[in-house]
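Asker: Residue numbers (the UniProt record's numbering): 1 to 312. Structure provided below as structure tokens; questions to follow.
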């Protein structure tokens, strides 16, 4: 005989009660088996890559290291060109020289990023004097004004990058930093800043000092009404963070447009989850490793062999 309507309702209640109890048991099991500090996502250290692959090669000879860094810098400009970061004559990437750390290598003013080779790079003193370089030894003084002060203020910084990328500039016009909207954003959790003081083209050392002071120990900055800036202990991490900051800027602008500019409607990642994500993927080593695929493709453009994009 078919169950009555009352019996069917009671059976449904029993099923619902059973499901509720099962959910409660699963939740309790998760709490019991997970460390409270990493509840829900696991130990951030598990995301770390092996040391052999998570760090660049080491050189005993500073001149061999210089040659390596110059080539990686030339590749960095190929990466920027492939990403569409070339905007007329604007933009620069610098690398501290390992032979003479009081100087840095930078692109010559007016040469397209896609055309830059090792021999085209110029070495500049922290006083703004071009020491050596290729045929074009024109110095973009804005590059000197910004980067010399960053290198002076941050001994840990090997490389700094700045350009006038499309979505980065758009974000710089909003006067805001990133909200934590997706996992990739968490790489910049409490690790980027807005420098709101646009005073025109950066041609004064004092302005460069103010930018360096605003950046502080962080990896990235939005320069108000100007463009984005990243800095790191390796070329690969610096370039990787620049590419990611540009993409995060695009995602944030698209997400805000999708809700009609009502930012409060966007679902944001909580502070604890953002911090744990930063611990997992926000380190310098993670930045280096994450940047290797970009350099693998740039090496392919040069027709070179590659081992994990390490140039060896």
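Backbone N, C-alpha and C fix where the C-beta goes; we use that ideal spot for every residue, glycine too. Quick caveat, the model's predicted, so the values are computed rather than measured.
#1: Using a Cβ-Cβ cutoff of less than 6 Å, which residues in the same chain neighbour residue 79 once the five nearest sequence positions on both sides are dropped?
#2: Just verifying my parser: in three-state terms, what is the DSSP assignment at residue 296?
#3: For the beta strand (DSSP E) containing residue 160, list its first residue and its last residue.
#4: Check whether the region 256-267 touches the region 98-105, counting contact only when three or more Cβ pairs, one atom from each stretch, lie closer than 8 Å.
#5: Could you check if residue 115 is buried or exposed, using at least 16 other CB atoms within 10 Å of its CB as the buried criterion?
#6: Is the beta carbon of residue 289 less than 8 Å from the beta carbon of residue 163?
#7: Rounded to whole angstroms, what is the Cα-Cα separation between residue 182 and residue 230?
#8: Taking contact to mean 3 or more Cβ pairs, one atom from each stretch, closer than 8 Å, check whether the region 216-230 and the region 163-182 are in contact.
#9: Residue 277 by DSSP, collapsed to three states: which one?
#10: Does the beta-carbon distance from residue 232 to residue 186 come in below 8 Å?
#11: If we ignore side chains and look at the alpha-carbon of each, how far apart do residue 94 and residue 111 end up?
#12: Alpha carbon to alpha carbon, what distance is there between residue 241 and residue 209?
#13: Between 270, 218, 253, 236, which lies nearest to residue 73 when the distance is taken from Cα to Cα?
#14: Please report the straight-line C-alpha distance between residue 252 and residue 189, rounded to a whole angstrom.
#15: Distance check for residue 70 and residue 99, CA to CA, integer angstroms please.
#16: Have a look at the DSSP bridge pairing and note the partners of residue 92.
#17: Between residue 202 and residue 146, what straight-line distance do the alpha-carbon atoms span, to the nearest angstrom?
#18: Near residue 133, which residues of its chain fall below 7 Å by C-beta distance, leaving aside the five closest residues on each side in sequence?
#19: Can you grab the Cα-Cα spacing for the pair residue 234 / residue 211, in whole Å?
Answerer: The relevant details are as follows:
#1: Within the same chain, residue 79 has close Cβ partners 239, 294, 298.
#2: DSSP places residue 296 in helix when its eight states are reduced to three.
#3: Its beta strand (DSSP E) spans residues 159-163.
#4: No: fewer than three Cβ pairs fall under 8 Å.
#5: The residue is exposed, with fewer than 16 neighbouring Cβ atoms inside 10 Å.
#6: It is not a contact, given that the beta carbons lie outside the stated cut-off.
#7: Rounded to whole angstroms, the gap between the alpha carbons of residue 182 and residue 230 is 20 Å.
#8: The region 216-230 is in contact with the region 163-182.
#9: Helix, per DSSP.
#10: Going by C-beta atoms, residue 232 is not nearer than 8 Å to residue 186.
#11: The straight-line gap separating the alpha-carbon atoms of residue 94 and residue 111 is approximately 15 Å.
#12: A straight line joining the alpha-carbon of residue 209 with that of residue 241 spans about 22 Å.
#13: Ranking the options by Cα distance to residue 73, first place goes to 236.
#14: About 14 Å.
#15: Separation of residue 99 and residue 70 (C-alpha to C-alpha, rounded to the nearest whole angstrom) is 12 Å.
#16: 162.
#17: The straight-line gap separating the alpha-carbon atoms of residue 202 and residue 146 is approximately 7 Å.
#18: Counting only Cβ-Cβ distances below 7 Å, and skipping sequence neighbours, we find 108, 121, 122, 123.
#19: Spanning the two alpha carbons is a distance of roughly 20 Å.
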